[in-house]
Amino acid sequence: MKFMEDENGKDFSVQLMTRMLRLEDRADSLVAKIALDVGTRIIEGALAPGSDVNSVELSERFGTSRTPVREALLLLEKQGLVEIPARRRPTVVDLSRTPVKDIYDVRSLLSGNIAELVCERRTAKDLAKMKEGLERMRQACESGDVQAYFWANVSYNDTVTSVARNPVLSELIDSLGLRVLQLRRRSMSPPLRMERSLADHDRLFQAYKVRDGDLARALSGAIIRDAYRALSGGMGAHGE
């Protein structure tokens, strides 16, 4: 798919993942390109949990030795996306081994704090920018493009986090790692999930608009809980 671009013409997904991998100073390196390629395929579901990650194929495709490939996969291992067993081929982490409930409990707490701060600190310009992001979500939903909706949703929530103007909260969100993006993408898969998500975000936007911090906190928590339920339905007892 073609990723959505920001006002500078850069792919949002690339910027976000580069930031979360802390590769800003090496964005053009082979390690970064390989990590982004494999990470994106895992997040979007092209590489399923438990599947092998072929280091030889990656070396050939990127025209490089195994060293940059291994370094890239080690970065993804730290993010909870890849497992590198001794003397065995790397694999995509099995989500049954991911502490999904714990992750979503933390996300719920952080999102509630962010929602309250947005109500306190947002400006008219912030509100306009959030509305633009919400409209991109709406367009993707109306076209039935789950992948586009997912990235539009991630971009919108990244904007919301920035509006809270709390660098510590932003850092905590990023510290949850790329595995959160993988979980969030999977939670978008059930039928009518996009439509429910969009309706929930419309209601939350209205709370931001009228600066109702209590309502915003409650709605943001409900959105995270609904995402967890959607994910749990697709993963059985193991998680979201």
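If you're matching positions, the sequence shown starts at 1 in the UniProt record's numbering and goes up one per residue. For every residue, glycine included, the Cβ atom is placed at its ideal position computed from N, Cα and C. Remember, it's a predicted structure, so these values are computed and weren't measured experimentally.
Asked, Found
"Per-residue burial, A230 [other beta carbons within 10 Å of its own, 16 or more giving buried]", "buried"
"Test item: CB-CB of G80 and R179 under 7 Å", "yes"
"Neighbourhood of R225 by C-beta, 7 Å cutoff - its chain only, sequence neighbours within 5 removed", "S108"
"E116 and R217 closer than 7 Å at C-beta", "yes"
"D102, enclosing alpha helix (DSSP H) - first and last residue", "V100 to R121"
"Distance CB(residue 265)-CB(G221) smaller than 7 Å", "No answer is possible for residue 265: the residues shown for the chain start at 1 and end at 240."
"Nearest to P187 (by Cα), restricted to the options V163, Q147 and L169", "For clarity, residue 187 is Ser in the given sequence; the question names Pro instead. Cα-wise, what sits closest to S187 is Q147."
"One or two residues paired with T91 in a DSSP bridge", "D52 and E83"
"Simplified DSSP state of D28, which is helix, strand or coil", "coil"
"Environment of G133 [buried if 16+ CB atoms lie within 10 Å]", "buried"
"Reduced DSSP secondary structure (H/G/I, E/B, other) of R165", "coil"
"Host alpha helix (DSSP H) of T64 (start-end)", "Where T64 is concerned, there is no enclosing alpha helix (DSSP H), given that its DSSP letter is neither H nor E."
"Coarse secondary structure for A46, derived from DSSP in three states", "coil"
"For M17, three-class secondary structure by DSSP", "helix"
"DSSP three-state assignment for R22, whether helix, strand or coil", "coil"
"Where the alpha helix (DSSP H) through D212 begins and ends", "Careful: D212 lies outside any alpha helix (DSSP H) and carries neither H nor E."
"Buried versus exposed call for V31 [16 or more other C-beta atoms within 10 Å across all chains shown]", "buried"
"Cβ contact (3+ pairs, closer than 8 Å) linking the stretch 135 to 146 and the stretch 197 to 204", "yes"
"Among S96, T98, L95 and L36, the one whose alpha carbon lies nearest that of L73", "L36"
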